[in-house]
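A quick write-up on the structure given underneath.
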Amino acid sequence: QIPFSTGYATTTKNVGKIKNEGLELSLNTVNLKRGAFTWESNFNISFNRSKILALTESQTLFSDVGGSSATFSPAPSLWAAKVGQPISMFHGYVFDGVYQLADFENPAPGIYELRPSVPANGNTRASIKPGDIKYRDLNGDGMVNAFDQTVIGRAEPVHTGGFSNNLTYKGLSLNVFFQWSQGNDIFNGNRLVFEGNSQYSYHTNQFATWADRWSPENPTNKNFRVGGQGPTARGSSRVIEDGSYLRLKTVSLGYKIPSKLIRKFYLTNLAVHASAQNLLTWTKYTGLDPEVSVKNSTLTQGFDYSAYPHAQTMVFGINASF
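So the mapping is simple: my numbering equals the position in the sequence shown, first residue as 1, plus 11.
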């Protein structure tokens, strides 16, 4: 921030220092070599630890999702950069389930009064109904507000890596490549819009998971009731998910046809090959693709909203020489 007498309230400057420390390991092996058959592997794994060393006046720098969609307006401050912490930490409210009937006094049929010992979710206490979303009151003042926000996830993975295998036998070759990421979280912004309609957009279709929402007959703590989304645009741990995955990234197969079989066709070389990418992915992430981040800044990693998944592709080819 700068004095407004200049005509501007803020200016962009390089005000921070960050340290990255890590370890990268790689192992190349010849697993089997017998006659015309060879099996070789490459394994690599990378660890990185970031730490913010300095910011202007040791302030906490908050980053929001503004610019990604008008859906998130006003945009929540979803990331916090703080001295001494890793970069790109998710910041927000702790999801604490759904207000149940036991959280209310019922002085009259259809009229519910929140018990004094139960904190409000940011709305007025009188407006909260059974089935509304509930957040954890971290400072114990009976009201959930900005002072109850905390670290709710980390976008940086603990480690990433790859495992490649090359197998050859005479003119036949096969390559199988796996890649992974472990320990990173993803903010699934799609669920804010399509699993609870947090922005009150009444013409927006919902995910099938929204069928399992709170009702007097289904007092779940998983999804709030229709119209129970509480204050809009609140980033919370409800939609923070484990983004770890293992992916069969590439499989390629090639065959070089022996020269004696192609000479009569006036060919000196003939090879056929096929490859496929993104065949299988093992993950607990409920979005379309765990390998995602629609925000480009290092400060704003791990955000998923309306991202197109990596395509599953297959390629076939022939190489011929005359």
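Ideal Cβ positions, reconstructed from N, Cα and C, are used throughout, including at glycine.
- Per DSSP, the unbroken beta strand (DSSP E) holding F174 starts and ends at H170 to Y180.
- Sequence-distant Cβ neighbours of K233 in its own chain, meaning closer than 7 Å and more than five residues away, are D223.
- Note that the C-beta distance between N177 and S317 is not below 9 Å.
- Beta-bridge pairing by DSSP links F48 to R45 and Y180.
- Under the Cβ criterion (8 Å, minimum of three pairs), the stretch 158-176 counts as touching the stretch 93-103.
- The way I'd put it, the stretch 243-257 does touch the stretch 196-215; three or more beta-carbon pairs between them come closer than 8 Å.
- Of all C-beta pairs linking the stretch 177-186 to the stretch 202-210, fewer than three are shorter than 8 Å, placing the two stretches out of contact.
- Between N330 and T261, the beta carbon gap of about 19 Å keeps them out of contact (Cβ cut-off 8 Å).
- Counting along the chain, V326 sits inside the beta strand (DSSP E) bounded by residues T324 to S332.
- The continuous alpha helix (DSSP H) containing G200 extends over residues G200 to F205.
- Minimum Cα-Cα distance from K140 among the listed residues S308, R274, F54 and R236 corresponds to R236.
- Distances from the alpha-carbon of K62 to those of N53, Q70, N42 and K93 put K93 closest.
- Within the same chain, P168 and V169 come within 6 Å of G194 by CB-CB distance, once the 5 residues on both sides are set aside.
- A residue is called buried when at least 16 other Cβ atoms come within 10 angstroms of its Cβ; S138 does not meet this threshold and is exposed.
- At a Cβ-Cβ threshold of 9 Å, K267 and L281 count as neighbours.
- In this chain, the alpha helix (DSSP H) harbouring S270 covers S270 to I273.
- Distances from the alpha-carbon of L291 to those of H321, T220, N25 and V41 put H321 closest.
- Under the three-state reduction of DSSP, S248 is assigned to helix.
- With contacts defined as CB atoms closer than 9 Å, D315 and S332 fail to qualify as a contacting pair.
- CA-to-CA, the gap between E68 and I29 works out to about 15 Å.
- Apart from sequence neighbours up to five positions away, the residues of its chain that approach S226 with a beta-carbon distance below 8 Å are G142 and R236, ordered along the chain.
- Residue range Y256 to K267 is occupied by the beta strand (DSSP E) that includes V262.
- The beta carbon of D159 lies closer than 8 Å to those of Y104, V105, Y146, R147, D148, L149 and N150 in the same chain, with the five residues before and after it left out.
- Your pair L299 and F189 does not check out as a contact, with CB atoms roughly 20 Å apart and the cut at 8 Å.
- By the beta-carbon neighbour count (other beta carbons within 10 angstroms, threshold 16), K181 is exposed.
- Bounds of the beta strand (DSSP E) holding V162 are T161 to R165.
- Here S138 carries a helix assignment [DSSP, helix/strand/coil].
- For V109, the closest of P230, W221 and N216 by C-alpha to C-alpha distance is P230.
- Linking S308 to Q12 through their CA atoms gives a straight-line distance of about 21 Å.
- For P301, there is no enclosing beta strand (DSSP E), since its DSSP letter is neither H nor E.
- When the five nearest sequence neighbours on each side are left out, the beta carbons in the same chain lying within less than 6 Å of the beta carbon of S88 are those of F73 and D75, in order along the chain.
- Counted as a single uninterrupted DSSP element, the beta strand (DSSP E) harbouring I122 occupies residues I122 to L125.
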